[in-house]
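To keep things clear, I will list the structure first and then write my remarks on it.
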Amino acid sequence: MRFDDVTQAIGNTPLVGLPHLSPPGYRIFLKLEGHNPTGSVKDRVAKYLIEQAEKSGELTEGRRILEPTSGNTGIALAAICRVKGYPLTCVMPENTSEERKQLLTMFGAELVYSPATEGSNGSVRVAREMAAADPEVYMPFQYGNSANALAHYETTAPEIIADLPEVAAFVAGLGTGGTVTGAGRRLKSWNPGVKIYAAEPEYGDLVYGLRNLDEGYVPEVLDQSVLDSRIKVNSLKALEATRRLAEEEGIFAGVSTGASLAVAIRVCKRLPEGSDIVALSPDGGWKYLSTGAYAPGDVAKIAERISGTLWA
Ligand SMILES: Cc1ncc(COP(=O)(O)O)c(C=O)c1O
């Protein structure tokens, strides 16, 4: 396929079957969002955040964009801002991995650090303070911006429907809630019988990219009425599934993919035999290599060691 620029190359990611990990009588497919230009599902979201703001007139030529993000959204925004000519500031916890800092810097983003102890909520606080003090900047704010869910409504779900019209259930991790809300809403309007499950870390547990709603913050973008169920998964189970994916299916994915996969395997018994399930893989494993998540050794010990570094 040929495109005029990199923003046009976002989406149309492969849907890949898991013949070894699917329970007998079921077929689980992974939607591999690591195939997007900057390597994650957030390319779709960043493109929509920017293009919807351009359409509404809020984002004018050369205006600085400010977003609290330590990860995929920042990297996706940074790349698109490069092509479209917007300066970008990302606010992130100071203990964000080197890979992420280097990627953002390479794409020309300015980095501002919030206290590590406050996690992603600290980045949100600092970014809000900065935006309030400087009316020149535009903060898309993916947690509260309907363009986030719209990206999945208009692109992710239609691709799944085109590739697997008989899809019976969809599983995605819960971060901002954009994926489950947008894709879930579209899948239900296609077939109201499609079950939508959100993979959520256990209370107090950390899976990079995901959040537990009981810890206090429910993102505005999340529409819980779309969900059939929120299913808990701990970081050990998420890591185990991520490593099995590489070992048994030859797929190298990030740890939140393992969270959704573990949930997808578990929900099979709630579904009629013969059902097809789609789990969303937000990204590949590259940005997590330095955490040791894929190193040889006892998985429980590795999960314990990295749990503090894999937060959203
Ligand atoms: C690696 C990873 N997994 C999962 C998610 C969750 O997706 P969403 O924000 O659409 O709920 C995100 C984004 O927040 C992410 O970066």
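Using the working numbering, the first residue of the sequence shown is number 533, and each one after it goes up by one. Note that the Cβ used here is the ideal one computed from N, Cα and C, for glycine as well. Since the structure is predicted, the reported quantities are computational estimates derived from the model, not experimental observations.
Query, Result
"Is Pro-690 helix, strand or coil by DSSP?", "helix"
"Identify which residue in Gly-651, Pro-690, Thr-713 has its Cα closest to the Cα of Gly-676.", "Thr-713"
"Go through its chain and collect everything with a Cβ distance to Leu-842's Cβ below 8 Å, but skip five positions before and after it.", "Here Leu-842 scores only 45 on pLDDT, less than 50, and its place in the model should not be relied on; the value that follows carries that caveat. Contacts found: Leu-738, Val-739, Tyr-740, Ser-767, Val-787, Tyr-820, Thr-823, Ala-825."
"Give the straight-line distance between the Cα atoms of Ala-613 and Trp-818, rounded to the nearest whole angstrom.", "Reading the sequence as shown, one finds Cys at residue 613 and not Ala. Answer to the nearest angstrom: the Cα atoms are 22 Å apart."
"Are the beta-carbon atoms of Val-699 and Leu-719 separated by less than 8 Å?", "yes"
"According to DSSP, is Ile-834 part of a helix, a strand, or is it coil?", "helix"
"For the candidate residues Phe-639, Gly-736, Ser-652, whose alpha-carbon lies nearest to that of Val-615?", "Phe-639"
"Going by CA-CA distance only, name the one from Glu-593, Asn-604, Pro-600 that's closest to Gly-617.", "Glu-593"
"Rounded C-beta distance between Ala-845 and Thr-570? I'm assuming under 8 Å.", "Within the shown structure, residues of the chain are numbered from 533 to 844, placing residue 845 beyond reach of any answer."
"Got a sec: does ligand 1 put a non-hydrogen atom nearer than 7 Å to the Cβ of Pro-814?", "yes"
"Any idea which residues DSSP pairs Leu-812 with across the strands?", "Lys-563"
"Are there 16 or more other CB atoms within 10 angstroms of the CB of Tyr-735, so buried, or fewer, so exposed?", "exposed"
"Rounded to whole angstroms, what is the Cα-Cα separation between Ala-844 and Ile-783?", "The predicted position of Ala-844 is uncertain, since its pLDDT is 37 and thus under 50; a value taken from the coordinates is nonetheless stated next. Going from the Cα of Ala-844 to the Cα of Ile-783 covers about 22 Å."
"For the beta strand (DSSP E) that contains Met-533, what are its first and last residues?", "That residue, Met-533, is in no beta strand (DSSP E); it is neither H nor E in DSSP."
"Would you kindly check if the distance between the Cβ of Leu-793 and the Cβ of Asn-680 is under 8 Å?", "no"
"Could you have a look at Leu-842 and say whether DSSP puts it in helix, strand or coil?", "Unreliable positioning characterises Leu-842 in this predicted model, as indicated by a pLDDT of 45, which lies under 50. The coordinate reading is nonetheless provided below. Three-state result, Leu-842: coil."
"Across which residues does DSSP place Asp-730 in a beta bridge pair?", "Looking at the sequence itself, residue 730 is Ala, so the reference to Asp does not match. In the DSSP output, where bridge partners are listed per residue, Ala-730 has Ala-704, Arg-762."
"Run the proximity test for Ser-678: is its beta-carbon closer than 7 Å to any non-hydrogen atom belonging to ligand 1?", "no"
"Ligand 1 and Leu-742: does any heavy atom of the ligand fall closer than 7 Å to the residue's C-beta?", "yes"
"Hey, how far is the Cα of Gly-829 from the Cα of Arg-775?", "11 Å"
"Could you give the first and the last residue of the continuous alpha helix (DSSP H) run that contains Gly-714?", "710-722"
"Measure the Cβ-Cβ separation of Ser-652 and Glu-626 and say whether it is below 8 Å.", "no"
"Please classify Arg-576 as buried or exposed, where buried requires at least 16 other C-beta atoms within 10 Å of its C-beta.", "buried"
"What number of angstroms, rounded off, separates the C-alpha of Ala-835 from the C-alpha of Gly-816?", "18 Å"
"Hey, could you find the ends of the beta strand (DSSP E) Ser-646 is sitting in?", "642-646"
"Run through DSSP, which three-state label would Tyr-820 get?", "helix"
"Among Lys-727, Gly-707, Ala-811, Glu-780, which residue has its Cα nearest to the Cα of Glu-854?", "The requested residue 854 does not occur in the structure, where the chain is confined to residues 533 to 844."
"I'd like the list of long-range same chain contacts for Glu-780, defined as Cβ closer than 7 Å, with 5 residues on each side in sequence excluded.", "His-552, Leu-553"
"Over the uninterrupted beta strand (DSSP E) stretch that includes Leu-805, give me the two end residues.", "The identity of residue 805 in the sequence shown is Glu, whereas the question assumes Leu. No beta strand (DSSP E) contains Glu-805, which DSSP labels as neither H nor E."
"Is any heavy atom of ligand 1 found at a distance shorter than 7 Å from the C-beta of Ser-788?", "yes"
"Taking the alpha helix (DSSP H) that Leu-553 falls in, what are its first and last residues?", "It is not in any alpha helix (DSSP H) - Leu-553 carries neither H nor E in the DSSP assignment."
"For a test of the three-state rule: what should DSSP assign to Val-491, helix, strand or coil?", "No answer is possible for residue 491: it lies beyond the span of the chain, which begins at 533 and ends at 844."
"Under DSSP, the beta strand (DSSP E) around Thr-621 begins and ends at which residues?", "620-625"
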